[in-house]
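Peer 1: The structure that follows is given in the form of structure tokens.
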Amino acid sequence: MANITGALMFTETNFAQFLEGPGEHVYALLEKISGDTRHANIDVIMERETELRLFPDWSMAYSGPHLFVAGQFSAFAMPSGQGERDRAAQHLIETMAVLVRGAGPNYH
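With the first letter of the sequence shown counted as 1, position 8 gets the number 8 in the UniProt record's numbering; the numbers rise by one all the way through.
What follows is the structure, given as structure tokens:
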């Protein structure tokens, strides 16, 4: 997909993918991912428009699997409300940014 950047974190059982780019391109890619039988239980945890990219130099950054990364998914196991879910999503995005910049436990 043209002009899409982002980051990907995964454990053996969970994936978190952050996609950024023109809305129509992101939605087209999400539709393609959703139609792929290798993917199930896709849950969009945050949607927002912004002019600033968090991962402008990456076509796709990868971080995982690692115990630290696995711990990042625990906040989504049983969120008590949308506010907590939004905070967990923001924390996950910030963690991805730290890992991509090389300050995390597993950097590629």
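Note that the Cβ used here is the ideal one computed from N, Cα and C, for glycine as well.
Note down the Cα distance separating Pro22 from Ile4, rounded to an integer number of angstroms.
Peer 2: In the sequence shown, the residue the question calls residue 22 occupies position 22. In the sequence shown, the residue the question calls residue 4 occupies position 4. For Pro22 and Ile4, the distance between alpha carbons rounds to 7 Å.
Peer 1: Could you compute how far the alpha carbon of Phe15 sits from the alpha carbon of Thr37?
Peer 2: Working through the sequence shown from its first residue, we reach residue 15 at position 15. Working through the sequence shown from its first residue, we reach residue 37 at position 37. Answer to the nearest angstrom: the Cα atoms are 15 Å apart.
Peer 1: Below 8 Å between beta carbons: does that hold for Ile42 and Arg85?
Peer 2: In the sequence shown, the residue the question calls residue 42 occupies position 42. In the sequence shown, the residue the question calls residue 85 occupies position 85. In this structure, Arg85 does not lie closer than 8 Å to Ile42 by Cβ.
Peer 1: If you reduce the DSSP assignment to three classes, tell me which class Ala88 lands in.
Peer 2: Stepping through the sequence shown from its first residue, residue 88 is reached at position 88. If DSSP states are grouped into helix, strand and coil, Ala88 belongs with the helices.
Peer 1: Ala16 lies in the alpha helix (DSSP H); which residues open and close that run?
Peer 2: For this step, residue 16 is matched to residue 16 along the sequence shown. Ala16 -> not in any alpha helix (DSSP H); beta strand (DSSP E) instead, spanning Phe15 to Glu20.
Peer 1: Let me check you understand the geometry: is the CB of Arg85 closer than 7 Å to at least one non-hydrogen atom of the ligand SAM?
Peer 2: The ligand content of the structure shown is nil, which means the ligand SAM is not present either.
Peer 1: Name the two residues that bound the continuous alpha helix (DSSP H) containing Gly23.
Peer 2: Stepping through the sequence shown from its first residue, residue 23 is reached at position 23. Taken as a continuous stretch (DSSP letters only), the alpha helix (DSSP H) holding Gly23 covers Gly23 to Gly35.
Peer 1: Beta carbon of His25, beta carbon of Ala2: below 8 Å?
Peer 2: Indexing the sequence shown from 1 puts residue 25 at position 25. Indexing the sequence shown from 1 puts residue 2 at position 2. Yes, the pair counts as a contact, with Cβ atoms nearer than the cut-off.
Peer 1: Of the choices Leu99, Pro56 and Gly102, whose alpha-carbon is the least far from that of Gly6?
Peer 2: Position 6 of the sequence shown holds residue 6. Among Leu99, Pro56 and Gly102, the Cα nearest to that of Gly6 is on Pro56.
Peer 1: For a quick check, are the C-beta atoms of Leu54 and Glu12 less than 8 Å apart?
Peer 2: Along the sequence shown, read from residue 1 onward, the residue named residue 54 stands at position 54. Along the sequence shown, read from residue 1 onward, the residue named residue 12 stands at position 12. Contact: no.
Peer 1: List the whole-angstrom C-beta distance separating Val100 from Trp58, where the pair is believed to meet the contact cut-off of C-beta under 8 Å.
Peer 2: Working through the sequence shown from its first residue, we reach residue 100 at position 100. Working through the sequence shown from its first residue, we reach residue 58 at position 58. Their Cβ separation, rounded to whole angstroms, is 6 Å, which keeps Val100 and Trp58 in contact under 8 Å.
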